[in-house]
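Shown next, in structure tokens, is the structure this report addresses.
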Amino acid sequence: MIDVADVKKSFRSGERTVEALRGVTCHIPKGRFAFIVGPSGSGKSTLLYLLGALDRPTSGRIVVSGTDLTAMSEAEQNHYRRDRIGFIFQAFNLISNLTAVENVLVPYLPRGLTPELERRAVELLTQVGLGGRVDHRPYQLSGGEQQRVAIARALIKDPEVVLADEPTGELDSKAGDEVYRILRRLQAERQTTLVVVTHDRRFINPDDLVLEIQDGLLKTDESEHQRNLIGAEV
Ligand SMILES: Nc1ncnc2c1ncn2[C@@H]1O[C@H](COP(=O)(O)OP(=O)(O)OP(=O)(O)O)[C@@H](O)[C@H]1O
Ligand SMILES: [Mg+2]
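For the sequence shown, my numbering begins at 1152 and goes up steadily by one.
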């Protein structure tokens, strides 16, 4: 369902060009829990943002459920981000003067709210254990609670893909466990495809897909490349 073909991404800063991704190829099937791991600066967030159409690759192709992200117009990218992708960031990114339930409804503010949507926002907050906190503002919530509001905000669109960048990076281990319990439930109940960048391998299960990235390349790609080279020699 997610197909990444020879994706390269470079950033220009002044005279210098940083090659953040140097040719990444991978396939993430629908409903899989995929982790992107690797050292700091290896290109994890860059890859995740490209999957979310928050940026465009320099070359290569990304196809999500039959839609070629690289061929989309700006407007199509906006719709894709708004309707099909749930984003969860390390720093929660909640709006400080809105309550928990209002934050969950943020994706719908430009289009207008309905009682049905408001009911669903409360239901999602209840599902992530915040039924008693719907009218709290972010400063009245713990970090773990804020991240659960952010998860509910990602889920209100019933997205086919959830992209998370170090969702437990600022949480203690108990709050981190809770975040992964919610994400696992989502995978089991809705067959949502999850792509999560993490430094914490203890959340990875044996049948998850692990994309290990180093210096802008997938390590699995490299070993495949090696095998092909060896194959070509014999
Ligand atoms: N907008 C940008 N402009 C210039 N360089 C960038 C930009 N975004 C990322 N880079 C560079 O691309 C490389 C990969 O960055 P990226 O954020 O993907 O790393 P990461 O693996 O997510 O690291 P971390 O674990 O520290 O979050 C880094 O060298 C970074 O400095
Ligand atoms: Mg990062």
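All residues carry an ideal CB built from backbone N, CA and C; glycine is no exception.
Small disclaimer: the values here were computed from a predicted structure and weren't measured.
Going by DSSP, what residue range makes up the alpha helix (DSSP H) through residue i?
{"i": "residue 1226", "result": "1225 to 1235"}
{"i": "residue 1327", "result": "1324 to 1341"}
{"i": "residue 1401", "result": "Because the chain is modelled from 1152 through 1385, residue 1401 falls outside the range shown and cannot be assessed."}
{"i": "residue 1306", "result": "1294 to 1306"}
{"i": "residue 1267", "result": "1266 to 1278"}
{"i": "residue 1356", "result": "Note, residue 1356: premise wrong, no alpha helix (DSSP H); not H, not E."}
{"i": "residue 1253", "result": "1251 to 1255"}
Report the rounded CA-to-CA distance for residue i versus residue j, giving the unit in angstroms.
{"i": "residue 1374", "j": "residue 1192", "result": "Caution is warranted here: a pLDDT of 48 is assigned to residue 1374, below 50, making its placement in the model unreliable, and the coordinate value is therefore given only provisionally. In a straight line, the C-alpha of residue 1374 is about 21 Å away from that of residue 1192."}
{"i": "residue 1211", "j": "residue 1287", "result": "44 Å"}
{"i": "residue 1190", "j": "residue 1178", "result": "21 Å"}
{"i": "residue 1376", "j": "residue 1154", "result": "Any answer about residue 1376 is weak, because its pLDDT of 48 lies below 50 and its placement is not dependable; what the coordinates show is given next. Each residue's Cα considered, the two are about 18 Å apart."}
{"i": "residue 1270", "j": "residue 1215", "result": "30 Å"}
{"i": "residue 1219", "j": "residue 1202", "result": "11 Å"}
{"i": "residue 1274", "j": "residue 1169", "result": "44 Å"}
{"i": "residue 1163", "j": "residue 1204", "result": "19 Å"}
{"i": "residue 1166", "j": "residue 1323", "result": "41 Å"}
{"i": "residue 1206", "j": "residue 1357", "result": "31 Å"}
{"i": "residue 1300", "j": "residue 1158", "result": "33 Å"}
{"i": "residue 1327", "j": "residue 1295", "result": "7 Å"}
{"i": "residue 1317", "j": "residue 1196", "result": "9 Å"}
{"i": "residue 1304", "j": "residue 1332", "result": "17 Å"}
In the DSSP output, which residue or residues are listed as bridge partners for residue i?
{"i": "residue 1314", "result": "1238 and 1346"}
{"i": "residue 1184", "result": "1345"}
{"i": "residue 1215", "result": "1153 and 1218"}
{"i": "residue 1365", "result": "1368"}
{"i": "residue 1393", "result": "Residue 1393 is absent from the structure shown; the chain starts at 1152 and stops at 1385."}
{"i": "residue 1158", "result": "1175"}
{"i": "residue 1210", "result": "1159"}
So, under 8 Å CB-CB, residue i and residue j are touching, yes? Tell me the CB distance rounded to an integer number of Å.
{"i": "residue 1400", "j": "residue 1198", "result": "Residue numbering for the chain in the displayed model covers 1152 to 1385; residue 1400 lies beyond these limits and cannot be assessed."}
{"i": "residue 1362", "j": "residue 1369", "result": "6 Å"}
How far does the beta strand (DSSP E) with residue i in it reach, from first residue to last?
{"i": "residue 1175", "result": "1167 to 1179"}
### Contact between the segment 1223 to 1236 and the segment 1281 to 1292 (3+ Cβ pairs under 8 Å)
Segments in contact, no.
#### Entry: Stretch-stretch touch, CB-based, cutoff 8 Å, three pairs: the segment 1238 to 1246 with the segment 1261 to 1273
No, the segment 1238 to 1246 is not in contact with the segment 1261 to 1273.
### Query
Counting pairs of Cβ atoms below 8 Å between the segment 1345 to 1352 and the segment 1181 to 1188, do you hit three or more?
With a cut-off of 8 Å, the segment 1181 to 1188 and the segment 1345 to 1352 count as touching, because enough Cβ pairs lie within range.
### Message
Count Cβ pairs between the segment 1337 to 1348 and the segment 1300 to 1319 that sit closer than 8 Å; are there 3 or more?
### Response
Below 8 Å, enough C-beta pairs join the segment 1337 to 1348 and the segment 1300 to 1319 to call them touching: three or more.
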